[in-house]
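First up is the structure itself, then whatever we jot down about it.
Number of protein chains: 2
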Amino acid sequence: MHSTTAHIEKLKAILYEIDALYTAASILTWDQETYMPAGGEEARARQLGTLERLAHDRFTGSEIGALIDSLAASENGLPPGSMDAALVTYVDREYRRLRQVPADRMAALVEHGAATYPVWARARERNDFQVVAPHLEKTLDLSRELAGYFSGFDHIADPLIDFEDPGMRVAEIRRIFADLRRELVPLVAEIAQRPQPDDRFLHRGYPIAEQEAFGLDIARMIGFDPQRNRQDLTLHPFMTRFSAGDVRITTRFLEHNFSEGFFSTLHETGHALYEMGIDQGLDGLPIAQGTSAGFHESQSRLWENLVGRGRDFWEFAYPLARERFPDPLGQVPVEEFYRAINIVRPSLIRTDADEVTYNLHVMIRFDLELQLLEGSLAVRDLPEAWRARYLADLGVAPEGDADGVLQDAHWFADWIGGAFQGYTLGNIISAQIYEGVLDEIPDLPGQIRTGEFQALREWLRSRIHRYGRIYSPAELLERVTGGGLDSEPLMRYLRRKYGELYGLG
Amino acid sequence: MHSTTAHIEKLKAILYEIDALYTAASILTWDQETYMPAGGEEARARQLGTLERLAHDRFTGSEIGALIDSLAASENGLPPGSMDAALVTYVDREYRRLRQVPADRMAALVEHGAATYPVWARARERNDFQVVAPHLEKTLDLSRELAGYFSGFDHIADPLIDFEDPGMRVAEIRRIFADLRRELVPLVAEIAQRPQPDDRFLHRGYPIAEQEAFGLDIARMIGFDPQRNRQDLTLHPFMTRFSAGDVRITTRFLEHNFSEGFFSTLHETGHALYEMGIDQGLDGLPIAQGTSAGFHESQSRLWENLVGRGRDFWEFAYPLARERFPDPLGQVPVEEFYRAINIVRPSLIRTDADEVTYNLHVMIRFDLELQLLEGSLAVRDLPEAWRARYLADLGVAPEGDADGVLQDAHWFADWIGGAFQGYTLGNIISAQIYEGVLDEIPDLPGQIRTGEFQALREWLRSRIHRYGRIYSPAELLERVTGGGLDSEPLMRYLRRKYGELYGLG
Numbered sequence: 177m178h179s180t181t182a183h184i185e186k187l188k189a190i191l192y193e194i195d196a197l198y199t200a201a202s203i204l205t206w207d208q209e210t211y212m213p214a215g216g217e218e219a220r221a222r223q224l225g226t227l228e229r230l231a232h233d234r235f236t237g238s239e240i241g242a243l244i245d246s247l248a249a250s251e252n253g254l255p256p257g258s259m260d261a262a263l264v265t266y267v268d269r270e271y272r273r274l275r276q277v278p279a280d281r282m283a284a285l286v287e288h289g290a291a292t293y294p295v296w297a298r299a300r301e302r303n304d305f306q307v308v309a310p311h312l313e314k315t316l317d318l319s320r321e322l323a324g325y326f327s328g329f330d331h332i333a334d335p336l337i338d339f340e341d342p343g344m345r346v347a348e349i350r351r352i353f354a355d356l357r358r359e360l361v362p363l364v365a366e367i368a369q370r371p372q373p374d375d376r377f378l379h380r381g382y383p384i385a386e387q388e389a390f391g392l393d394i395a396r397m398i399g400f401d402p403q404r405n406r407q408d409l410t411l412h413p414f415m416t417r418f419s420a421g422d423v424r425i426t427t428r429f430l431e432h433n434f435s436e437g438f439f440s441t442l443h444e445t446g447h448a449l450y451e452m453g454i455d456q457g458l459d460g461l462p463i464a465q466g467t468s469a470g471f472h473e474s475q476s477r478l479w480e481n482l483v484g485r486g487r488d489f490w491e492f493a494y495p496l497a498r499e500r501f502p503d504p505l506g507q508v509p510v511e512e513f514y515r516a517i518n519i520v521r522p523s524l525i526r527t528d529a530d531e532v533t534y535n536l537h538v539m540i541r542f543d544l545e546l547q548l549l550e551g552s553l554a555v556r557d558l559p560e561a562w563r564a565r566y567l568a569d570l571g572v573a574p575e576g577d578a579d580g581v582l583q584d585a586h587w588f589a590d591w592i593g594g595a596f597q598g599y600t601l602g603n604i605i606s607a608q609i610y611e612g613v614l615d616e617i618p619d620l621p622g623q624i625r626t627g628e629f630q631a632l633r634e635w636l637r638s639r640i641h642r643y644g645r646i647y648s649p650a651e652l653l654e655r656v657t658g659g660g661l662d663s664e665p666l667m668r669y670l671r672r673k674y675g676e677l678y679g680l681g
Numbered sequence: 177m178h179s180t181t182a183h184i185e186k187l188k189a190i191l192y193e194i195d196a197l198y199t200a201a202s203i204l205t206w207d208q209e210t211y212m213p214a215g216g217e218e219a220r221a222r223q224l225g226t227l228e229r230l231a232h233d234r235f236t237g238s239e240i241g242a243l244i245d246s247l248a249a250s251e252n253g254l255p256p257g258s259m260d261a262a263l264v265t266y267v268d269r270e271y272r273r274l275r276q277v278p279a280d281r282m283a284a285l286v287e288h289g290a291a292t293y294p295v296w297a298r299a300r301e302r303n304d305f306q307v308v309a310p311h312l313e314k315t316l317d318l319s320r321e322l323a324g325y326f327s328g329f330d331h332i333a334d335p336l337i338d339f340e341d342p343g344m345r346v347a348e349i350r351r352i353f354a355d356l357r358r359e360l361v362p363l364v365a366e367i368a369q370r371p372q373p374d375d376r377f378l379h380r381g382y383p384i385a386e387q388e389a390f391g392l393d394i395a396r397m398i399g400f401d402p403q404r405n406r407q408d409l410t411l412h413p414f415m416t417r418f419s420a421g422d423v424r425i426t427t428r429f430l431e432h433n434f435s436e437g438f439f440s441t442l443h444e445t446g447h448a449l450y451e452m453g454i455d456q457g458l459d460g461l462p463i464a465q466g467t468s469a470g471f472h473e474s475q476s477r478l479w480e481n482l483v484g485r486g487r488d489f490w491e492f493a494y495p496l497a498r499e500r501f502p503d504p505l506g507q508v509p510v511e512e513f514y515r516a517i518n519i520v521r522p523s524l525i526r527t528d529a530d531e532v533t534y535n536l537h538v539m540i541r542f543d544l545e546l547q548l549l550e551g552s553l554a555v556r557d558l559p560e561a562w563r564a565r566y567l568a569d570l571g572v573a574p575e576g577d578a579d580g581v582l583q584d585a586h587w588f589a590d591w592i593g594g595a596f597q598g599y600t601l602g603n604i605i606s607a608q609i610y611e612g613v614l615d616e617i618p619d620l621p622g623q624i625r626t627g628e629f630q631a632l633r634e635w636l637r638s639r640i641h642r643y644g645r646i647y648s649p650a651e652l653l654e655r656v657t658g659g660g661l662d663s664e665p666l667m668r669y670l671r672r673k674y675g676e677l678y679g680l681g
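Below is the structure:
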């Protein structure tokens with residue numbers, strides 16, 4: 177027992193060190209994507225590569241290996257179900273997984289991602305994929321190389337997806353996506369036959385400073401805390417955690433698009449609440465993070481959509497919005513506003529898509545990722561493949577690359593493989609969770625109508641957030657919903673909401 | 177030869193790693209002092225302590241030791257006077273010096289400094305030294321402990337000063353300061369007898385956004401480059417380098433004080449030009465930094481004072497200032513403005529002091545530091561000792577601690593010992609350098625009158641900046657001025673300028 181305690185303390189001491197390296201890297205990345213002057217690009221990529229190498233080396237080194245072996249063997253010392261037991265299980269798995277990748281190759285991947293991001297930003301500004309295409313070629317090579325370090329996979333993307341959504345595989349995701357697609361496509365077609373509301377007022381002038389203030393006002397009511405959070409501007413919104421008390425979101429605003437900035441703020445606030453809700457005792461350990469991309473998106477999409485795009489929500493929020501934006505909204509009744517922000521219309525930009533078509537955007541990316549990794553699609557043909565798929569699936573196609581293949585930062589900051597399936601998994605999980613929440617807090621719609629979110633936030637914290645990575649995504653889903661992934665609650669929600677909105681049979 | 181090349185490459189590879197750790201720490205510190213929410217304080221201090229420990233461990237480890245031993249012995253391989261030879265000499269000295277300090281004690285000092293900074297900020301806001309006094313007690317203990325790791329010093333502050341101004345000792349600084357004081361005190365007294373200009377217009381309303389824009393306009397003319405620099409707001413201005421292409425300054429603005437914000441911007445820009453001027457081939461190596469605090473201040477004070485408080489400078493800059501600030505400056509002739517920004521008047525705040533009394537502020541801090549370290553002054557008595565010395569030396573005393581002992585961040589972010597002498601050494605060196613510049617660029621005053629700074633910047637870059645730490649401070653001073661520290665050029669400059677301004681005999 178004594179040696180177990182000593183070993184677990186030693187393990188934690190090393191993990192805290194590794195956390196300082198990864199956190200430093202997160203801060204350097206946040207800085208790169210918010211404030212860094214262009215002259216810093218080259219050195220920043222090198223710095224991030226070096227931090228990754230040092231952290232990876234330490235995590236996969238013999239010291240952790242020996243501790244894990246000793247701790248996993250001494251079953252006596254760690255109470256089953258305890259946080260320490262979960263930590264050892266998690267670190268054991270990660271240690272065995274990550275040591276298959278040489279530290280300098282992991283560093284090369286991170287350095288290349290950091291070097292590619294600013295080139296992507298320039299390519300996007302110039303609306304020209306070719307500016308960043310050579311970088312993406314190398315990203316694809318490095319992504320395939322990374323997958324190659326893991327033996328025995330069914331699909332080359334499987335080990336890459338496993339980084340983001342542990343336990344998920346291409347075959348299962350394809351099945352889930354196919355089921356969902358079979359339901360979504362006819363729903364989109366049915367809606368397309370119905371008259372559309374007028375949403376032009378959402379594209380009038382919304383002064384950006386006012387958008388920022390309004391977004392933060394609402395975010396604060398939901399749980400954004402200026403003592404523990406901040407929001408900065410960036411090209412592609414993201415959330416990042418530096419410690420239990422320092423969780424940041426970033427966003428972007430467009431003067432002529434109310435929805436993009438506002439719902440992105442809600443979305444990132446949802447991510448932030450997850451990270452802030454993790455038990456503070458886990459701070460500095462690798463289990464102090466959301467358990468998967470899918471679960472993370474379930475939280476962001478829950479606040480963005482199930483709460484934020486609901487009629488109840490705007491009953492309290494719309495008077496505040498009208499005060500902020502008297503010019504575009506003064507003459508618009510709340511019901512008209514509600515219908516406009518929920519207009520279902522195939523469009524080009526994923527982050528600005530409605531709830532019904534959103535998952536089709538995700539599926540396009542997922543399929544293209546797989547084709548790139550399989551070698552059936554060349555990087556140079558990606559913009560054309562993108563356009564073709566958008567035309568086929570959504571009936572619209574981008575004129576330039578900025579509204580097409582360059583719209584999302586993911587492939588240009590990390591690697592190819594695993595970046596997108598989490599969004600749709602998140603939508604599915606969010607609907608599963610929300611059915612449970614409504615069962616247990618029947619008064620929730622009434623609370624939301626008065627801008628009261630504490631019960632919901634506390635439910636999510638106590639059932640999901642607090643555990644960090646103590647449970648695997650599948651275990652956590654089982655605990656929260658009593659079952660596995662099920663897209664039926666999402667489809668029930670969409671059919672009910674949009675059936676009512678569009679008067680569908 | 178081949179083994180020397182291999183060893184120097186190996187040495188550099190390790191140094192690049194160490195640089196990534198120290199740079200990450202600099203970015204974390206910059207973030208702490210500009211944007212970090214309060215909730216991040218505790219974890220940030222731990223993160224900084226960990227990064228320091230990892231970097232210190234690596235720098236003082238056996239790997240560098242063996243490489244240095246081999247490289248220092250194989251005199252054949254490295255051409256004398258080459259960059260590589262200078263690097264080995266520098267690393268050899270630093271390795272032997274720093275390995276006297278255990279890594280975890282260095283980490284404790286850094287962690288404590290990072291934990292103290294936000295407490296200092298709160299103490300300053302509450303105008304109450306007692307809020308941070310217990311932290312400063314511990315800082316003093318840790319500072320004395322740090323000094324104790326270095327044996328054979330004459331004064332306990334000597335090894336601490338050596339971190340900032342390598343080669344300087346208390347005895348020599350005391351001699352230099354005494355000489356200077358002997359000249360300054362009568363000059364201040366003489367000026368006090370003369371009529372003072374009216375400078376009330378400098379304390380009218382200067383909108384902060386306009387101050388920021390004006391400061392950046394001028395900084396850009398001097399060499400501030402938005403592609404490689406940025407400016408952010410903070411409590412106590414500083415400059416920080418993240419790479420050759422990413423050098424940042426911070427500043428603060430007061431609406432009713434034109435001088436504080438503007439001259440602080442010039443000051444920090446002077447520091448930034450030094451770091452930007454270092455040969456890019458040195459980037460990522462520990463010699464890619466200014467050679468000493470004194471030399472660094474010689475650059476900041478040169479631009480702030482010798483250039484920025486000169487009549488020539490305002491001949492071109494004043495019309496721009498008037499455009500920005502028509503209300504307070506519209507009716508003020510340039511000569512009146514020039515006299516007001518150079519008013520000599522004992523005051524409370526070092527960073528806002530005139531050129532003549534400024535060094536008296538520095539001497540007060542230097543003496544108090546020594547007394548604290550010697551044990552002849554207790555931390556709890558510091559505010560009273562501060563007030564007494566201000567009354568004795570400057571005839572003014574702060575009412576509260578915010579304008580007294582809490583005004584500078586140094587003791588509350590790093591350690592006690594060595595933080596202040598560099599400012600006065602810098603003033604002395606700046607005047608020595610500037611005499612040389614004027615000899616070699618006789619047309620410089622004319623260039624400044626037209627806002628042309630390239631020749632001056634290039635002179636400083638080619639004679640000083642480019643070398644980083646290739647030369648020790650004493651070597652560099654000898655190369656640039658042909659001699660050692662000499663306060664006579666500073667006194668000549670002050671007597672000439674203020675003799676004319678105040679009509680002294």
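Residue numbers (this note's numbering), protein chains in the order written: chain A, 177 to 681; chain B, 177 to 681.
Backbone N, C-alpha and C fix where the C-beta goes; we use that ideal spot for every residue, glycine too.
Got a sec: is the Cβ-Cβ distance from residue 204 (chain B) to anything in chain A below 7 Å? yes
Buried or exposed: residue 368 (chain B), going by 16 or more other Cβ atoms within 10 Å of its Cβ? By the 10 Å Cβ count, residue 368 (chain B) comes out exposed.
Can you pull the chain A residues whose beta carbon is under 9 Å from the beta carbon of residue 679 (chain B), in chain order? Here the premise fails: no neighbours, minimum Cβ distance about 47 Å.
Thinking residue 474 (chain B) and residue 609 (chain B) are a contact (beta carbons under 8 Å), I'd like their distance in whole angstroms, please. 6 Å
Span separating the alpha-carbon of residue 642 (chain A) from that of residue 272 (chain B): Distance between residue 642 (chain A) and residue 272 (chain B), taken at the CA atoms: about 47 Å.
For chain A, check one thing: does any of its Cβ atoms lie closer than 7 Å to the Cβ of residue 455 (chain B)? Cβ-Cβ to chain A under 7 Å: no for residue 455 (chain B).
Using the beta-carbon count (16 or more within 10 Å), is residue 449 (chain A) buried or exposed? buried
Can residue 674 (chain B) and residue 607 (chain B) be called in contact, C-beta distance under 7 Å? Residue 607 (chain B) is positioned such that its CB atom lies no closer than 7 Å to that of residue 674 (chain B).
Rounded to whole angstroms, what's the CA-CA distance from residue 573 (chain A) to residue 567 (chain A)? Just pull it up for me. Rounded to the nearest angstrom, the two C-alpha atoms are 5 Å apart.
Which residues share a DSSP beta bridge with residue 408 (chain A)? A:426
Straight-line Cα distance separating residue 653 (chain A) from residue 325 (chain A): Using only the alpha carbons, I get a separation of about 29 Å.
With distances taken between CB atoms, is the gap from residue 374 (chain A) to residue 436 (chain A) smaller than 7 Å? no
Pick from A:537, A:316 and A:583 that is closest to residue 305 (chain A), judged by C-alpha positions: A:583
Closer than 8 Å by beta-carbon distance: list the chain A residues that pair up with residue 422 (chain B), in chain order. Result: 212, 213, 215, 216, 219 and 220.
Can at least three beta-carbon pairs, one atom from the region 251 to 269 of chain A and one from the region 452 to 469 of chain A, be found at a separation below 8 Å? Taking one beta carbon from each stretch, the region 251 to 269 of chain A and the region 452 to 469 of chain A have 3 or more pairs nearer than 8 Å; the two touch.
Residues, ordered as in the chain, of the region 392 to 420 of chain B that lie near chain A by beta-carbon distance below 8 Å: Only 401, 402, 403, 404, 405, 406, 408, 418, 419 and 420 from the region 392 to 420 of chain B bring a Cβ to less than 8 Å from some Cβ of chain A.
Residue 680 (chain B) burial status per 10 Å Cβ neighbour count (16 or more: buried): exposed
DSSP bridge partner residues for residue 415 (chain A) (one or two, in chain order): A:425
Roughly how many angstroms lie between the CA atoms of residue 656 (chain B) and residue 188 (chain A), to the nearest whole one? 52 Å
Buried or exposed, going by whether 16 or more other CB atoms sit within 10 Å of the CB of residue 477 (chain B)? buried
Give me the Cβ distance between residue 403 (chain B) and residue 215 (chain A), rounded to the nearest whole Å; I'm assuming they're in contact under 8 Å. Indeed they touch by this definition, with Cβ atoms about 5 Å apart.
Nearest-angstrom Cβ-Cβ length linking residue 581 (chain A) and residue 558 (chain A), presumed shorter than 8 Å: 6 Å
CA-CA distance, residue 432 (chain A) and residue 485 (chain B)? 47 Å
By how many angstroms is the C-alpha of residue 292 (chain B) removed from the C-alpha of residue 318 (chain B)? 13 Å
Kindly indicate which residue of B:602, B:547, B:239 and B:418 has the alpha-carbon position closest to the one of residue 462 (chain B). B:418
First and last residue of the uninterrupted alpha helix (DSSP H) at residue 249 (chain A): 238 to 249
Comparing the C-beta of residue 196 (chain A) with each C-beta of chain B, is any distance below 7 Å? Contact of residue 196 (chain A) with chain B is assigned, a C-beta pair being separated by under 7 Å.
Measure from the C-beta of residue 208 (chain A) to each C-beta in chain B and report whether the shortest distance is under 7 Å. Put simply, the CB of residue 208 (chain A) is far from chain B, with every gap to its CB atoms at 7 Å or more.
Using only the alpha-carbon positions, how far apart do residue 211 (chain B) and residue 222 (chain B) sit? Taking the straight line from one Cα to the other gives about 18 Å.
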